[in-house]
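Residue 477 is where the sequence shown ends in this note's numbering, and the numbering goes up by one at each step.
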Amino acid sequence: EETGVIVPLGRFVMEQATKDLQLWQTHFPIERPIFASINISSRQLFRHDLAQDVRDVLLQTDIAPGTMRLEVTETLVMENPEQAARSLTQIKELGAGISLDDFGTGYSSLSYLKRFPINILKIDRAFIKDILVNSEDEALTCAILSIAESLGLKVVAEGVESEVQRKLLSKHRCQFAQGYLFSKPLENKQFVEYLFEKNENKEVV
């Protein structure tokens, strides 16, 4: 990021991710299309025409609308809220989704949830790790879910490692989860094999 290499590297990651995503969606045409999330750095968002990169990549591929999602953190958007709002709005208008990562660990005002064009909130694993034994973590998680529901946002719980955690989150109407309960990080070939296995077993991915 200091040298600027993150800009061409970030574009390469975006191009490769959307190519892979198009392949996954073609082979697995499920009702809720597979999506891919791509982390965005400060330099990409504030010192580069990120919207142009998104436009170019979307024109090169035929992925389902909204299934390429860019992830930003609270800390990142708070560096320059006005510019972040403008840039993210342009990107969303192009057909990409916007996820707010690590929600609850930063210092942004709740009012920014209304100002930023966000589709998804990701609850940081710090709240999920002890949710079964810490009533405060459960209460805060429920509060985040309630806020998201009232604003029409989807929620992803990070760091889910047990079936008990998953069931508790489902009970509180959390729509999505990620973590080692489902899989460790996989390379493309391994991920395709994972999808084939889930598809053959009629499991929801």
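A virtual CB, placed ideally from N, CA and C, is assigned to each residue, including glycine. Treat the numbers as computed from the prediction; the structure is a model and nothing was measured.
Cut-off 7 angstroms between Cβ atoms - residues of its own chain near residue i, not counting five sequence neighbours on either side
i: residue 425; result: 390, 391, 392 and 393
i: residue 408; result: none
i: residue 447; result: 426 and 427
Status (buried if at least 16 other CB within 10 Å, exposed otherwise) for residue i
i: residue 417; result: buried
i: residue 339; result: buried
i: residue 363; result: buried
i: residue 472; result: exposed
i: residue 468; result: exposed
i: residue 422; result: exposed
i: residue 465; result: exposed
i: residue 324; result: exposed
i: residue 370; result: buried
i: residue 320; result: buried
i: residue 413; result: buried
i: residue 302; result: exposed
i: residue 359; result: buried
i: residue 382; result: exposed
Contact check, residue i vs residue j, beta carbons under 9 angstroms
i: residue 322; j: residue 308; result: no
i: residue 342; j: residue 310; result: yes
i: residue 278; j: residue 316; result: yes
i: residue 496; j: residue 384; result: The shown model of the chain, from 273 to 477, leaves out residue 496, and the question about it has no answer.
i: residue 400; j: residue 430; result: yes
i: residue 318; j: residue 352; result: yes
8 angstroms Cβ shell around residue i - same chain, five flanking residues per side excluded
i: residue 440; result: 403, 404 and 410
i: residue 290; result: 308, 329, 330, 332, 333, 335 and 340
i: residue 375; result: 346, 393, 394, 395, 396 and 416
i: residue 297; result: 305, 306, 335, 336 and 339
i: residue 287; result: 329 and 332
i: residue 445; result: 417 and 421
i: residue 462; result: none
i: residue 386; result: 423
Chain-order list of residues whose beta-carbon lies under 6 angstroms from that of residue i (same chain, five-residue window excluded)
i: residue 327; result: 366
i: residue 356; result: 349
i: residue 274; result: none
i: residue 361; result: 389
i: residue 312; result: 342 and 344
My parser needs the beta strand (DSSP E) runs of 3 or more residues fully inside the segment 374 to 431; what are they?
392 to 395 and 426 to 429
Indicate whether the contact test is met: 3 or more Cβ pairs, each with one atom in the segment 274 to 283 and one in the segment 445 to 452, closer than 8 angstroms.
no
Scan the segment 280 to 333 and note each continuous alpha helix (DSSP H) run of 4 residues or more that stays entirely inside, going in chain order.
314 to 318 and 322 to 332
The segment 455 to 470 contacting the segment 426 to 433, beta-carbon criterion three pairs below 8 angstroms:
no
For the segment 427 to 459, list the alpha helix (DSSP H) runs that are entirely contained and at least 4 residues long, ordered along the chain.
435 to 443
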